[in-house]
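Per UniProt numbering, the sequence shown runs over residues 1 to 345.
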Amino acid sequence: MKKYFFPLLIMIVTIFFLNTVIDPEEKKPKTEAKTIPIPELRVAQDKAEAALLYKGKKNPKKLSREQVEKAARDLRPVIAMPYEEVIVSFSKNPSVLSITEWNKGKETNVTDTNVIPTVGRPGVKLFIIRGQWLNEGQATYVAKIRIPRIYSYQELLTPRANSYTVIGFFDEKDSVKQMPMRNENLFDIREISMPLGHLIVTFPELAFEQLPTYYVFGGKDVPIRIDEYEELAKFLGEGLAYEFGGESENWKIEMKSRQTLGDGKIETAITFIGDGEKPGWAASLRLDSASLSFSESGFPLDQNGRYLSVFNGYQTLLKTDSILATVTWDGKEELIPLDFKEKME
């Protein structure tokens, strides 16, 4: 065996010497493939991926209609409810992001965030997503969102995102039909004329009691019905300012409401008027109406047994609304209906 061992050892050493000294392997720099993430569109009940249109050093400003529509043809849409926000999610967030709506070769700016606002009208929309990553290039994608038809009135709603729709419903025999002017930055208008009975059947989700009447649609808020044109005009313009109030055995509620389309403020003063000991931090208040749902708990009363609750937000109160205040404290509960008092100056 020894006569074979030494030649074998010499051959191994020679091969090692040739590979490492005489002809070493050229050292190549290690490079990691830079992968561009594919965004995912998410809503509460669904999710779907976008399709990559371009990746490289600089996103193209213009895309060909053929390229976009070909990529979108077999793309699965994410199904979003009317006015639901769609979240655009990346495995690695871009440093710069922009999203536009694509409509037959034309792009309209939508947002520079990862939230796409949807509309109420049913149908399919395409969106172009452009992202930039530091030292990793840029990418352009197309995404598809479908809004299903759920309500009978959806086809009447504006196709514009972040906009409201004001619809006037009239009897076909009405000779005078008062309607506001369209506001390009805020709302579109529609006019529907047919007998009251036909309206009830055609739009079963809406509560018609008289004609004319007006409905305001937009965002996640329930449709707002306004029966008087003067009240509608103020709501769309200078705003509504109303007071409501009510009393029970132990509590007095005073509410001041200032509302305009898309914004508002509600101040509610709650005062203990009972004969017993003034509650500490145990009191809670809840307000409910057709368009209002608000609660606050664990608030302190001042030396006069009073607390002022302030809510800033879009929850419209009309003078015809039925508002119920619920106060709980020390294991007790009282329900207090709030009545319309007057218009504030």
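Where is the CB? At the ideal position from N, CA and C, for every residue including glycine.
Please read all numbers here as calculations on a predicted model, not as lab measurements.
Counted as a single uninterrupted DSSP element, the alpha helix (DSSP H) harbouring residue 235 occupies residues 229-236. Between the beta-carbon of residue 327 and that of residue 283 there is about 7 Å, and that keeps the pair under the 8 Å contact cut.
Taking C-alpha positions only, residue 106 is separated from residue 62 by approximately 9 Å. Going by beta carbons, residue 212 and residue 229 fall inside the 9 Å limit.
The region 159-173 and the region 135-148 do not touch, with fewer than 3 CB-CB distances between them shorter than 8 Å. Membership of residue 246 in the beta strand (DSSP E) is indicated by the continuous run 240-247. An exposed status is given to residue 44, since fewer than 16 other beta-carbon atoms sit within 10 Å of its beta-carbon. A residue is called buried once 16 or more other Cβ atoms fall within 10 Å of its Cβ, and residue 303, having fewer, is exposed.
Runs of alpha helix (DSSP H) with 4 or more residues, each lying fully within the region 56-125, are found at 65-73, listed in chain order. With a threshold of 16 other beta carbon atoms within 10 Å, residue 207 falls short and is exposed. DSSP, reduced to helix, strand and coil, places residue 199 within a helical segment of the structure shown. Residue pairing by DSSP puts residue 143 in a beta bridge opposite 127. For residue 266, the enclosing beta strand (DSSP E) starts and ends at 263-272. In the displayed model, residue 154 falls within a helix according to three-state DSSP. A straight-line Cα-Cα distance of about 15 Å links residue 161 and residue 221.
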